[in-house]
Structure formats: structure tokens, C-alpha cells
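Colleague: Residue numbers (the numbering used here), protein chains in the order written: chain F, 46 to 387; chain W, 16 to 286. Idealized CB from N, CA, C, for every residue including glycine.
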Amino acid sequence: MCPDMPHPLLQVDQLAIAFRQDGAETRPVRSVSFTLRAGERAALVGESGCGKSLTALALTRLPPTDRARVSGRIRFDGADTLALRGAALQGLRRSGIAYVFQDPSASLNPVMRVSDQIAECLPHLRRAARPAAARELLARTGLPDPARAARAYPCELSGGQQQRAMLAMALAARPRLLVADEPTTALDVTTQRQVLDLIDELADAFGMAVLLITHNLGLVAGRIRRVSVMYAGEVVESGPTADVLAAPRHPYTRGLLGAVPSLDAPRGAALRDIPGTVPAPDAWPAGCAFAPRCDAAQPRCATLAPPEHEQDGRRCRCWLAQAPAPEGAAPASPPPPRRTLP
Amino acid sequence: MTAPALLTVEDLHVTYRPPGRPPVEAVRGVSFSLAAGASLGIVGESGCGKSSLARALVGLQPASAGTLRFEGRDPARLGPDAARAHRRAVQMVFQDAPGSLNPRLTVGQALAEALRVHRLAAPDQLADRTAALLARVGLPASVLDAYPRELSGGQCQRVSFARCLAVQPRLLLADEPVSALDVSVQARILNLVRALQAELGLAIILISHDLAVVRNVCDRVAVMREGVFVEQGLAEEVFDRPQHPYTRELLAAVPDVARELARRKDGKVTC
Ligand SMILES: Nc1ncnc2c1ncn2[C@@H]1O[C@H](COP(=O)(O)OP(=O)(O)OP(=O)(O)O)[C@@H](O)[C@H]1O
Ligand SMILES: Nc1ncnc2c1ncn2[C@@H]1O[C@H](COP(=O)(O)OP(=O)(O)O)[C@@H](O)[C@H]1O
Ligand code: SF4
Ligand SMILES: [Mg+2]
Ligand SMILES: [Mg+2]
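#1: Does any residue of chain F have a CB that is nearer than 8 Å to the CB of R263(W)?
#2: Specify the secondary structure class of E128(W) as computed by DSSP and reduced to three states.
#3: With a threshold of 7 Å, establish whether the CB of W364(F) neighbours any heavy atom of ligand 3.
#4: Classify H52(F): buried if its beta carbon has 16 or more other beta carbons within 10 angstroms, exposed otherwise.
#5: Would you please verify whether the beta carbon of R270(F) is less than 8 Å from any beta carbon of chain W?
#6: So what does A225(F) bridge to, in DSSP terms?
#7: Can at least three beta-carbon pairs, one atom from the segment 125 to 132 of chain W and one from the segment 200 to 207 of chain W, be found at a separation below 8 Å?
#8: Please classify C200(F) as buried or exposed, where buried requires at least 16 neighbouring CB atoms within 10 angstroms.
#9: So is the beta-carbon of S116(F) under 7 Å away from any non-hydrogen atom of ligand 2?
#10: If you draw a straight line from the C-alpha of E60(W) to the C-alpha of N117(W), how long is it?
#11: Tell me which residues of the segment 222 to 233 of chain W have at least one Cβ-Cβ distance to chain B shorter than 8 Å, keeping chain order.
#12: Quick check on the contact list: which residues have their beta carbon closer than 7 Å to a heavy atom of ligand 4?
#13: In chain F, what lies closer than 7 Å to A273(W) by C-beta?
#14: By DSSP, does Y162(W) sit in helix, in strand, or in coil?
#15: I want to verify the contact list: residues of chain F whose CB lies under 7 Å from the CB of D197(W), in sequence order.
#16: Can you name the residues of chain F whose CB is closer than 9 Å to the CB of P270(W)?
#17: In the DSSP assignment, find the unbroken alpha helix (DSSP H) run with Q237(F) in it and report its ends.
#18: If distances are taken between C-alpha atoms only, which option among L60(F), A88(F), A210(F) comes closest to N154(F)?
#19: Considering only DSSP beta bridges, list what G205(F) is partnered with.
#20: What number of angstroms, rounded off, separates the C-alpha of R43(W) from the C-alpha of K65(W)?
#21: Report buried or exposed for E288(W), applying the criterion of at least 16 other Cβ atoms within 10 angstroms of its Cβ.
#22: Using a C-beta to C-beta distance shorter than 7 Å, which residues of chain W count as neighbours of A287(F)?
#23: Let me make sure I understand the geometry here. Which of S223(W), P38(W), Q247(W), S115(W) has the alpha-carbon closest to that of Y162(W)?
#24: Taking the beta carbon of P296(F) as the centre, do at least 16 other beta carbons fall within 10 Å, making it buried, or is it exposed?
#25: Which residue from L99(F), S93(F), L60(F) puts its Cα closest to that of Q224(F)?
#26: Excluding sequence positions up to five away, which residues of its chain have a Cβ less than 8 Å from the Cβ of V108(W)?
#27: Can you list, in chain order, the stretches of the alpha helix (DSSP H) that have 4 or more residues and sit fully within the segment 23 to 93 of chain W?
#28: Can you check the segment 83 to 129 of chain F for any beta strand (DSSP E) of at least 3 residues that lies completely inside it and give the ranges in chain order?
#29: Using beta-carbon positions only, say whether L54(F) and L222(F) come within less than 8 Å of one another.
#30: At a threshold of 7 Å, does F64(F) count as lining ligand 6 (C-beta to nearest heavy atom)?
#31: Consider the C-beta atom of C286(W) and the heavy atoms of ligand 2; say whether any pair is separated by less than 7 Å.
#32: Output the distance between the C-alpha atoms of M16(W) and A87(F), rounded to the nearest integer angstrom.
#33: Considering S175(W), what are the terminal residues of the alpha helix (DSSP H) in which it resides?
#34: Taking the continuous alpha helix (DSSP H) assigned at Y297(F), which residues delimit it?
#35: Using 8 Å as the threshold, is the segment 352 to 370 of chain F in touch with the segment 233 to 242 of chain W, meaning 3 or more CB pairs across them?
#36: Which value, in whole angstroms, describes the spacing of the CA atoms of H101(W) and E227(F)?
This is the structure in C-alpha cells:
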């Protein structure tokens, strides 16, 4: 279900996240913009180290972004979340934006029964009503024996079951947005599919938007409406999933797609891979950050950062996506000045 | 098959007997054979017994019943010299590459140790041999002095492959070697595995729950469920004409970009 809403639920504009380290500043996130409407499902994709998780954590300033310099604008449900402090920020974390992570042990307390942990997420209910509500939530996540799961300690559940318990906790406060950061990366395909189907189903039932963070483009292809591809702290391409994945415009998106093995490709077809790796944030190249790994790089790419180009509802940050400019002409919109880091 | 079998497994069982709890039958009668230089993929959901089978195949876990023959002989009944030769001939890489490398040895020391243990290089050749191994798996010689913790997951996985190759195995088992890696790194490791198989005539058993990974590397595939192979055969037959309902279920669960985009075109994706 993707209802048309006049106002976006979440609007992230030019988000940048900087840390001070040993006197120097690093900016693992430099320019991230995307919007998400109520009930919509969007995704952030990219290799590890591109800044996906930091972007997600910055939405509610969870650690380590609480001690970072976060700039740009984040509007959630009409409020400027970067200006929220104290109780208002707690409220946003409790009932506005909830998270599930790849590693359930990061969110589940190993020495507490699952039901007690969910009950803690139900402060709006009378104490006596919480255990039953916790069991009800667990049952909604499709656990085969919710009463047993409620009494269990996390280590007594399998990976897929822990992921469901975490989902029950995240849903307890009826959030408007669920951020799922690599929620199924550790699970096998069958369990992965069950957990993601469940997220879709509950998102529809609760009218909740979903921001899925993943490096699995197949997952995005099958269930996500809009995708933003991140590289080196920037969104380099974004648009409707079907358009972006069927006809990628950015060489990085093409590289990611080429690297994925296909069920239908005959054995022995060499996979195209992207040479090199994502550099660390303190070593991001000048110009286009992807240039050292890009098979289409031109001389200007190494010195001039490409501006974001918008066309047919899609955005792309690559010189190739620009209308071909006459030799030597200045680009239509000059690239924003790049701060050189110390 | 005309080629003589490198490995023959008949009705193999692996049963764990945890103290004070009922026994766990992880592998319940698996049979297959693998020709020299061939590649077999084993797929199946978590807990179906893939790793237990792999550990039994390399002798890390005793089989509780069944027969296993490598080049016609039962590895459990070899004399000491033959047993050492067998340990060389069959090598294994794991999903957790950093965890399977000795943290106190540099990459160069780990490779040299593998060569020394099996007396495969004279001391004055060690440096050349280790550098050549690294080059073979696509790592620069500068990695020789690095400790595992200083390397990325993909680099550690290459070092694991290099360490296996050091002893010139005839069978390489890889248990989820790319599951923890980014797609681009995964692509490079899979390309490496395919090249090693083709160039060195190495037989490969690749365990993965990602069917597309297996399709890319293996000529045969076995589908495992609850300790048994429910279906096995040529990869294109199993993938294109799956016979067992469980194989079809697994295939349907794979989020394949092209297939999902096609479903979208057919209006089967509503978002
Ligand atoms: N040492 C052990 N003692 C008791 N039971 C075990 C032991 N090792 C594995 N098992 C059980 O044996 C079964 C098969 O486990 P195995 O590790 O072979 O699965 P797998 O197919 O490799 O799964 P995954 O995809 O999660 O790696 C499981 O039920 C597991 O809990
Ligand atoms: N507290 C921090 N201080 C400085 N750099 C950090 C901090 N946390 C993460 N980073 C860096 O930010 C980059 C992006 O991290 P992350 O958002 O986790 O990437 P992704 O989720 O895309 O894998 C990484 O290079 C990481 O090392
Ligand atoms: S701007 Fe240049 S280097 Fe960057 S992605 Fe485009 S072509 Fe490649
Ligand atoms: Mg992350
Ligand atoms: Mg396993």
C-alpha cells in the first residue's frame, strides 16, 4: 500500500554528519537527501562503510550520532528533529521512529525474558495490561508458540525468532516509521523472506512507513517503492526502484547490479565486480568520490565533484548524467563547494 | 559419470550426543559422489546440517554411520603418513575468515607455516612461495606483514584461500565463504573460486544458502533439508526444472533482481 499523501512523513535534506577525531574532522555522511511518505517503503543501499547506518541513527540522534555535528535538515511529521531536545527527543525515539538491526543481540537484553523487554516498551499501558499486550504483539509476528517465546531468554531463540521478537518490541509503541537496518543479513533466504513479508504485512496493518537498509538489491527490487543508492557518504542515485534497477544511470549502481550473481545466468559467467573498496571517510577522494573505482571516469571527475542532476523524477550525481555540455562550457548548475578536510 | 570419483559418500550420518539431552541427528543418510575437478553446491536452510556434513567430510567431526572414500580409501583407516597426505589433500575455508586465522601470526607467517608443516618449500624458497600464493588470490605482497585484524573480511577470506592453496589440495570445501561480504567483494571471491577450479583442476564443495551463488560456481547442486539431500543433480536441471517442492520453495525465496523486476512488470509487486 503506497497512499498518496500531500506532505512527506520524513524529509531529509543535505544531511551531513561530522565527527572530531584526534583534532581532525571526518565527515562519514556528506550529503544525503530523501523523502518518505506515510506508509511508504523506501530503501538505502550501498556497500558497507558508505554511511547508511549513521544516516539512520541520525534520524533520532542515537549514538554515536549524539556526539557528532549533524547538519542539514530532518523533518519528521512536521517537526524539525534536529532541534528536538530532552523529552521531545525521547518521545520521537519511543513512538515516532523505531529500529530493528541486523544483530538482535544489540537490542535484546540477554538476561531479561522477552516478554519483560516488550513490556518495557509499553509504558502507555497499565502495568497489569502489559504482559498480555506483549504476548499479543509476539503472536502478531508469527512466532509459532508466542507464550513460550514470551517466557524465553533471547539465547533460547533462533536468529529468525530473535528477529521477530525485536520486531515485536519495535512495534510496541506503534511507530510511524520503522527503520530496518540490514534486518535479515544474518538469516537464510527462507527465514529472510518470512521476516520481510512480516514487516510488509505489519507496516500495512499499522499504516507504518519503512526505511529498509540493505546491500541486497534483490530485496529492494521486490518490495520497495523508492531507492537511494549511497556511496562515500552521499546519495549518488535515487528514484523509483523499477526505473533505477532496470536502467541505472550511475556507474556505481551499475557496478552493484553487475556484481550480484543471478539465478538465471549460466554457470561460469564471470561476475563484474567493482575494483577496489570504499575508502575510509578521512580518505575520500576530491572530485567524484567514486572516480578511482569508476570504469567511465573522465579527466574532470578527479577534480570536480559532479552536481546532482534531476530528470524524470530521478536524481543522479554523475557527470555522465548531465546533458552533454559543449567542450569547455561550465555546467548548468555549478557544483557546491567542497570543503577540504584538514 | 566417466571420471573416477574423487570422493564417494554413502549413507553418511552425523549424530551429536550433547550430555544430558537427547541426541541430535544433524545428518541422516547422505550419499553422493564427486569427480576430480568437479564442483558441488550444497544449499538448504539454516540448521539443515550443511556444516555438520562438511565437518564430517574433512574429518573434523566423526561420522556416526555410513562410508566415506577419498580416492578409493577410507580416511579414518589410513596409516600416519597417508593420513598426513590426506589432511593436505582436503582443505576447508569458513564463513568467519578472520576467526579461522591465527591472530598472532602475520599473513606471511601463516602461509609459511602451512608450507613448512607439509614440507612443501625449502626455507630459502618460503618468501617466493608465499608472495606467489598471495598474488594468486589477488592480494598485494604488502599484506604479508599484516595481522588478520588489520585486514577486511574479504581480504581475510582471500588469505584463507591462499593458506588452503599452499598445500595443493585436491578438494576444497568452502562453508558460506561469501555470506558475510559485500556484493562487490563477494563477486571477486566467487570469480577467484571459479578460476582456481578451472586452472588448478581443484574439486570444490561450496556450501551456501544463497542459491544464486551456487548457480554461479557449481556444475552440480544438492538440496539439503533436515539432514538429507531431497534433490541433487546438474545445476541447470535442478535450477530450471526443480523436482522437489522444497527446492521450488527455496528458489522462490531467493530475491533475484531480474526475477523480481519481471514480477513487477507483471503487476505482481504492488509497491
Ligand atoms: N555440537 C553440536 N551439538 C549438538 N547439536 C549440534 C551441534 N552442532 C550442530 N548441532 C545441531 O545440528 C543441526 C545441524 O547443524 P549445522 O550447523 O550442520 O547446520 P547448517 O545447515 O550448517 O546451518 P547454518 O546454515 O545455520 O550454518 C542443528 O540442529 C544444530 O543445532
Ligand atoms: N563514531 C564514529 N566516529 C567516526 N567515524 C565513524 C563513527 N561511526 C562510524 N564511522 C564511520 O562512518 C562510516 C560509515 O559508517 P556506517 O554508517 O556504519 O556505514 P554503513 O552502514 O553504510 O556500512 C564508516 O567508515 C565508519 O567507520
Ligand atoms: S562523475 Fe565521473 S567518476 Fe564519478 S561516477 Fe560519474 S563518470 Fe564515474
Ligand atoms: Mg551499517
Ligand atoms: Mg553452517
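Modeller: In short, the structure shows the following:
#1: Not one chain F Cβ lies under 8 Å of R263(W).
#2: Looking at E128(W) - three-state DSSP - the assignment turns out to be helix.
#3: Yes - ligand 3 has a heavy atom lying nearer than 7 Å to the Cβ of W364(F).
#4: The residue in question, H52(F), is exposed, as its Cβ has fewer than 16 Cβ neighbours within 10 Å.
#5: At a cut-off of 8 Å between beta-carbon atoms, R270(F) makes contact with chain W.
#6: The partner list for A225(F) (beta bridge, DSSP) reads V145(F), L257(F).
#7: The segment 125 to 132 of chain W makes no contact with the segment 200 to 207 of chain W: fewer than 3 CB pairs, one atom from each, lie closer than 8 Å.
#8: Around the CB of C200(F), fewer than 16 other CB atoms lie within 10 Å, so the residue is classed as exposed.
#9: S116(F) Cβ: outside cutoff for every heavy atom of ligand 2.
#10: Roughly 30 Å between the two C-alpha positions.
#11: The question asks about chain B, but that chain is absent: this structure's protein chains are F and W.
#12: Taken from the N-terminal end onward, the list reads S93(F), K97(F), S98(F), D226(F), E227(F), I258(F).
#13: Going along chain F in sequence order, the residues near A273(W) (Cβ under 7 Å) are S307, D309.
#14: Residue state, collapsed to three classes: coil.
#15: Contact note: D197(W) reaches chain F through E92, S93, H260, using a C-beta cutoff of 7 Å and chain order.
#16: Scanning chain F for C-beta atoms nearer than 9 Å to the C-beta of P270(W) yields V234, Q237, R238, L241, N261, L262, G263, L264, V265, A266, G267, R268, reported in chain order.
#17: It spans 234 to 251 - the alpha helix (DSSP H) in which Q237(F) sits, taken as one unbroken run.
#18: That would be A210(F), whose Cα lies nearest to the Cα of N154(F).
#19: Per DSSP, G205(F) has no beta-bridge partner at all.
#20: In a straight line, the C-alpha of R43(W) is about 11 Å away from that of K65(W).
#21: Look at the range of chain W in this structure, 16 to 286, and you will see that residue 288(W) is not part of it.
#22: Going along chain W in sequence order, the residues near A287(F) (Cβ under 7 Å) are L276, R279.
#23: Nearest in C-alpha terms to Y162(W), of all of S223(W), P38(W), Q247(W), S115(W), is S115(W).
#24: Counting Cβ neighbours within 10 Å, P296(F) comes out buried, since at least 16 surround it.
#25: Correcting the residue type first, residue 224(F) is Val in the shown sequence and not Gln. Cα-wise, what sits closest to V224(F) is L99(F).
#26: Scanning its chain for C-beta atoms nearer than 8 Å, with the 5 sequence neighbours on each side dropped, one finds around V108(W) the residues S115, Q172, S175, F176, C179, L187, L188, A189, D190, P192, in chain order.
#27: Positions of the alpha helix (DSSP H) runs, each at least 4 residues long and wholly inside the segment 23 to 93 of chain W, are given as 65 to 72 in order along the chain.
#28: Along the length of the segment 83 to 129 of chain F, whole beta strand (DSSP E) runs at least 3 residues long occupy 86 to 90, 114 to 121, reported in chain order.
#29: Yes, the pair counts as a contact, with Cβ atoms nearer than the cut-off.
#30: As presented, the structure is devoid of ligand 6, carrying ligand 1, ligand 2, ligand 3, ligand 4 and ligand 5 as its sole ligands.
#31: No, ligand 2 has no heavy atom inside 7 Å of this Cβ.
#32: Any reading at M16(W) needs caution, since the residue's pLDDT is 48, under 50, leaving its predicted position unreliable; the model's value is listed next. Spanning the alpha carbons of M16(W) and A87(F) requires a straight line of approximately 49 Å.
#33: Unbroken alpha helix (DSSP H) run through S175(W): 168 to 181.
#34: Here the alpha helix (DSSP H) through Y297(F) covers 296 to 304.
#35: Under the Cβ criterion (8 Å, minimum of three pairs), the segment 352 to 370 of chain F does not count as touching the segment 233 to 242 of chain W.
#36: Cα-Cα distance, rounded: 41 Å.
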